Structure formats: structure tokens, C-alpha cells
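So the structure is just underneath, and the comments pick up after that.
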Amino acid sequence: MLRALALTLFLALVIAAPAKACIVSDGYTGILFDDVPADAAPNDVVLDVDFSWQAVREGRFPDAVVTAHVRRVIRGEFHGNTVRVGLGNSSCDYAFIFGRRGFLIGHFVTPDKGRVGVEALLPNGESLVFAWPFRETVFVPRSETVAARRRRTGDAHWHMY
């Protein structure tokens, strides 16, 4: 009886535990680019950055905010030597899969005081508020999947760090 209860409890815990896994390796997404893609939005800020090894280690955790050294501003308004970058929280997010140096493309988001989310417009015209995990102004980078990079550049190779 005790064995059956223990087995039932074990199975309940295993089934209830959240699992994260990206289904295919082509679905992994990275945030650094070797060039500015032709479809980049004209109002995107483009920074040439270098992430330290410490930032790479810290970036493995969900909703991490890491610091990048800004080597130069390619496009847009930015003044400073470092930028705080908010990283995603999906099973396919491997921010540094394409390296730790390159172009960071995106925009800055500052959370409103007392607001817990960011509003997004859905394709059907309805709006939805997503939870915003960061409590500071962060650079929200555009990401690219391994498959999209392969189609865009013809490069079939990717590497961690």
C-alpha cells in the first residue's frame, strides 16, 4: 500500500512538473547578427556589442537582464558604453547561439509605473497585455532562429559562444 502511494505521488509530481524543450534545433533563437538584415525595421536601434563570459553565464537563466559593452552605434540614438539587455524565457531561446559579439537589433522598453505588462496588438485587432518581467529599462533584442539565419545567409553552421 505504501509503495503504491509513493508511486502515485512520484507520478503526480513528474506529470505536474513543468518541462521545457525546444522541439527542433533549427528552432533555437539567437540575438546577435553578423549584419543588419534587409527586413530590419527602420526605427530599430542597431548596436555593435560584446558580451562578457559572465553575461553569457547569467543569460542562461529565464528573464535574465545582462550587460553588454557597446563598441559602436550603427543606427539610432544611444549614448553610453554599456546597455542592459532583457533576454527571453522560451525553451528555444539560446541568446548566444551565434556568438557573444555582433549586432544587437531592437528597441528600448521602459515599464510604466504600476503597470504589470506590455500591450500588444493581435492580428485580429484585439489588444492583449503580456506580463513584463523586467523592472528596469531594457533593450529588447530582435531574435533569429537557426533556420531563418540559414535561409538568410546560407550559413549552415552555428556555434555556442
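Following the working numbering, the numbering of the sequence shown begins with 190 at its first residue and continues without gaps. Virtual Cβ for every residue (Gly too), placed ideally from N, Cα, C. Predicted model only: the values in this text are computed from it and were never measured.
Range covered by the alpha helix (DSSP H) that runs through residue i
| i | result |
| --- | --- |
| T342 | V335 to T342 |
Buried versus exposed call for residue i [16 or more other C-beta atoms within 10 Å across all chains shown]
| i | result |
| --- | --- |
| I294 | buried |
| R340 | exposed |
| A257 | buried |
| G343 | exposed |
| G303 | Confidence at G303 is low in this model, with a pLDDT of 47, below 50, so the placement of that residue is unreliable and no value is reported for it. |
| R338 | buried |
| A230 | exposed |
| I212 | exposed |
Residue i: first and last residue of the uninterrupted beta strand (DSSP E) it sits in
| i | result |
| --- | --- |
| V245 | V245 -> not in any beta strand (DSSP E); alpha helix (DSSP H) instead, spanning W242 to E247. |
| V272 | T271 to G275 |
Nearest-angstrom Cβ-Cβ length linking residue i and residue j, presumed shorter than 8 Å
| i | j | result |
| --- | --- | --- |
| P300 | R273 | In fact, because the Cβ distance is near 13 Å, the residues do not count as touching under 8 Å. |
| G265 | V235 | 6 Å |
| D233 | H296 | 6 Å |
| F328 | G275 | 7 Å |
| D237 | I263 | 6 Å |
| V225 | F240 | That belief does not hold up - the Cβ atoms of V225 and F240 are roughly 18 Å apart, past 8 Å. |
Beta-ladder partner(s) of residue i, from DSSP
| i | result |
| --- | --- |
| F354 | Since the first residue of the chain shown is 190 and the last is 350, residue 354 is not available in this structure. |
| D237 | R261 and F292 |
| D282 | T218 |
| V254 | G275 |
Closer than 9 Å to chain B by CB, residue i
| i | result |
| --- | --- |
| F328 | The structure shown contains no chain B; it holds only a single protein chain. |
Problem - Inter-stretch contact (C-beta, 8 Å, three-pair minimum) for the segment 332 to 344 and the segment 257 to 275 - result: no
Exercise for the section: Say whether the segment 273 to 287 touches the segment 212 to 220, bearing in mind that this needs 3 or more beta-carbon pairs closer than 8 Å, one atom from each stretch. Expected result: yes
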